[in-house]
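Chemist:
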Amino acid sequence: MRYLPLNDADRAQMLEVIGAASVDELFIDVPPAAHLTGPVDLPPHAGEMEVEAQIRALAAKNLSPSRAAFFIGAGAYRHHIPASVDHIIQRSEYLTSYTPYQPEIAQGTLQVLYEFQTQVARLTGMALANASLYDGSTAAAEGVLMAARLTRRRKAVLSGGLHPHYRETVETLAQAVGIDTEALPPEVDAEAAVLRHIGPDTACVVVQTPNVFGTATDLSKIAEAVQAAGALLIVVVTEVMSLGLLKSPAEMGADVVAAEGQSIGVPLSFGGPYVGLFATRDKYLRQMPGRLCGETVDAEGRRGFVLTLSTREQHIRREKATSNICTNSGLCALAFSIHLSLLGQEGLKRVAKINYAKAHALKDALMAIDGVTVLTPRFFNEFTVELPKPAAEVVEALAQKGVLGGVPFSRLHGGGGFENWLIIAATETNTEADQAQFVAALTEVLA
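Residue numbers -5 to 441, in the working numbering, belong to the letters of the sequence shown in order.
1) Any heavy atom of the ligand GDP within a distance shorter than 8 Å of the CB on G41?
2) Use the C-beta contact count for K149: other C-beta atoms within 10 angstroms, 16 or more gives buried, fewer gives exposed.
3) Quick one: what's got a C-beta closer than 8 Å to I332's C-beta in the same chain, skipping five residues either side?
4) Start and end of the beta strand (DSSP E) containing A197?
5) What residue does the beta strand (DSSP E) around G341 start on, and which one ends it?
6) Rounded to whole angstroms, what's the CA-CA distance from D249 to P25? Just pull it up for me.
7) From this set, V269, T232, H29, which residue's C-alpha is nearest Y160's C-alpha?
8) For P76, count neighbouring C-beta atoms within 10 Å of its own C-beta (all shown protein chains included) and say buried if the count is 16 or more, exposed if not.
9) With a cut-off of 8 Å on the beta carbons, I'd call H73 and E422 a contact; round off their distance for me.
10) Within 10 angstroms of its Cβ, does M120 collect 16 or more other Cβ (buried), or is it exposed?
11) Over what stretch of residues does the beta strand (DSSP E) that includes G102 continue unbroken?
12) Do the CB positions of G155 and P180 come within less than 9 Å of each other?
13) Whole alpha helix (DSSP H) runs in the region 379 to 428 with 4 or more residues, listed along the chain?
14) Between F110, D4, T437, A3, which lies nearest to A125 when the distance is taken from Cα to Cα?
15) For the alpha helix (DSSP H) that K215 lies in, which residues bound it at each end?
16) Is D129 closer than 9 Å to G270 when the C-beta atoms are compared?
17) Is L392 near A435, with beta carbons less than 9 Å apart?
18) Can you name the start and end residues of the alpha helix (DSSP H) that I49 belongs to?
19) Please check the pair Q101 and G298, which I expect to be a contact at CB under 8 Å, by giving their CB distance rounded to whole angstroms.
20) Output yes or no for whether 9 Å exceeds the beta carbon distance between L122 and L286.
21) Please state if the CB of I418 and the CB of G396 are separated by a distance shorter than 9 Å.
22) Kindly list the residues whose CB is nearer than 7 Å to the CB of A225, restricted to its own chain and excluding five residues on each side of it in sequence; keep chain order.
23) Pick out whichever of A186, D276, T118 has its Cα sitting closest to the Cα of M235.
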């Protein structure tokens, strides 16, 4: 058997070697209250073919994006990924170890990370970027911890437009190190509301654009006010494709950019793995979390790459590390870098413009349906509508008609009177037929 290689005689021999009378003795440190009193609630064991058949039957109950008109966003977006991306990331040159513990012998890996950092810096407009983090939410949380170290203050103000999953991640890490968080109530277009909550103990203000409801905001005046108070402005971007069209965070005065890079090169994959982008100003270099790859020359003057400033990382002096994230999302960062290289600057702009046009055409069509109110005043490729009935029920009904029609905000943020709010995204992957199907299905469901 591939997965159960030991028989009773093998187990008895192993117990004899370690001096245990039974397997139960291996678990004496587990409290009795945690012991199982019977088998776990799973079907009895079966052969591999039988298990595969059961799993396929369960999977068939899902409505896959490949079989439906797809308008889901809210932090994870369906974009076209050229087949060449998957081909290139499988080349033998990239089949390196899990993580470069002896980094300088993996020059190809380090060069990829260096190029990735350069791309992220140019995309966000910031001076420097790291070699990626786990995802956008952990990048946001690391930004808050970094701001507390820099300002020596212990409070973070979180905008009401921040994605609830990002807010929860920030709150989880912040409370563990004694940082207070003030999360403002959800609002469609109220990023400036954070200014009323800045005090002498505020380390940073976290705002998102486009925010969870899709609203795009020029943060320039907010940045001025935040920095005048001695705090840092952390700009969160969950839809990085928007940076192909909208003003960059650096142009708006961001001190830190924490973004999700999934939209470029990384498939939805049922929610992960994704890739966190982190960029900041030059002067904050030594407090930036995560790995940083630098360019140098060897003893013979040849160009080379190294992991630099590693003393702040997990390699040594761990108790003084700026972050205890011990790896970067290397494969996803590679896919991101390859896709962005294939697009180029002009290609990224073209795709972004298509996203903008598709979403606004869909918005116009949905506004013609009785009972549908568009709440988002200005947006890139995502917007929020209010329906005459609970959005969760509508989404389920749409799925029965072959349409994945968005994300009910109530699934992200329970309570608060948001039951009828639906977040809808449209990307370059949506055809005119998809949009027509969505409009027809929603009209019928709401009738």
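Just so it is clear, CB atoms sit at the ideal spot from N, CA and C, and this is done for glycine as well.
Modeler: This is what the structure gives:
1) Ligands displayed in this structure: none; no statement on the ligand GDP is therefore possible.
2) Flag for K149 reads buried.
3) S78, V79, I82, I83, G259
4) 196 to 202
5) It is not in any beta strand (DSSP E) - G341 instead sits in the alpha helix (DSSP H) that spans 324 to 361.
6) 48 Å
7) T232
8) Of the residues assessed, P76 falls on the exposed side of the cut-off, its CB having fewer than 16 other CB atoms within 10 angstroms.
9) 7 Å
10) buried
11) Boundaries around G102 are those of the alpha helix (DSSP H), 101 to 118, since no beta strand (DSSP E) includes it.
12) yes
13) DSSP runs (the alpha helix (DSSP H)) wholly in the region 379 to 428: 385 to 394, 403 to 406.
14) F110
15) Taken as a continuous stretch (DSSP letters only), the alpha helix (DSSP H) holding K215 covers 214 to 222.
16) yes
17) Yes, these two residues count as a Cβ contact at 9 Å.
18) That run of the alpha helix (DSSP H) goes 42 to 53.
19) 6 Å
20) yes
21) no
22) T145, I192, T196, A197, C198, V199
23) T118
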